[in-house]
Amino acid sequence: MQIIRGMCMLLNSGKPVSGFPESLSQIMGAEILGISISIIYVFIAYFVMIVVMSKTRYGRYVYAIGGNRDAAKLSGVKVQRIELFTYAIAGLFAAIGGIMLLSRLTYADPNAGNGYEMNAIAATVIGGTAMSGGKGKLVNTFVGAIILGMLTTGLQILNVAVHYQSIITGIAIAGAVYLDKIKERQK
């Protein structure tokens, strides 16, 4: 990821790229029944992934690999194939997110999205996904994302400087990891 980000900075000297068709900005600007289409897309993707993760063999395999990679391999799960497919799905969602961001900004900035990967990890950890793997639910991750979004929005409303927002988010992640470790020890 850092290699590609660095190459993008090198190719255009770190400058934003503009001149995209206006129709691109309309992708996310549309509304259905007063609800932004981007919110509808997120919920569709969310519900599809809930079904995939809870009702399919693939979903069970992902949780099995997360819980104990070696045991999953010994039980016949094609671990490398599942991991590759999982990374491909993550890449697809990252690309969709990038298109959504591009349509909102109407220009491509090589610095746009910096730190988003940490926000994703933060939402997952705050949502209660075990750092040791194998335990976690999309519903809880969604709740974690909402909590993180509320925290970020609240800090912005309070006019807290961006670097302090990062520190507070980091403290929230560290606190969630600490609570996760305490729960693991109690078991």
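In our numbering, the protein residues as written are 4 to 190.
For glycine and all other residues, C-beta sits at the position ideal for the given N, C-alpha and C.
Check: Status (buried if at least 16 other CB within 10 Å, exposed otherwise) for T156; Outcome: exposed
Check: Cα-Cα separation between I174 and L158, rounded to whole angstroms; Outcome: 14 angstroms
Check: S39, DSSP secondary structure in three states; Outcome: strand
Check: Simplified DSSP assignment, three categories, for V163; Outcome: coil
Check: Classification of P113 by the beta-carbon crowding that lies within 10 angstroms, buried from 16 upward; Outcome: buried
Check: Segment contact, 8 angstroms Cβ cut-off, at least three pairs: the stretch 102 to 116 with the stretch 76 to 91; Outcome: no
Check: Exposure of V51, with buried meaning 16 or more beta-carbon neighbours within 10 Å; Outcome: exposed
Check: Three-way DSSP call (helix, strand, coil) for V80 in this model; Outcome: coil
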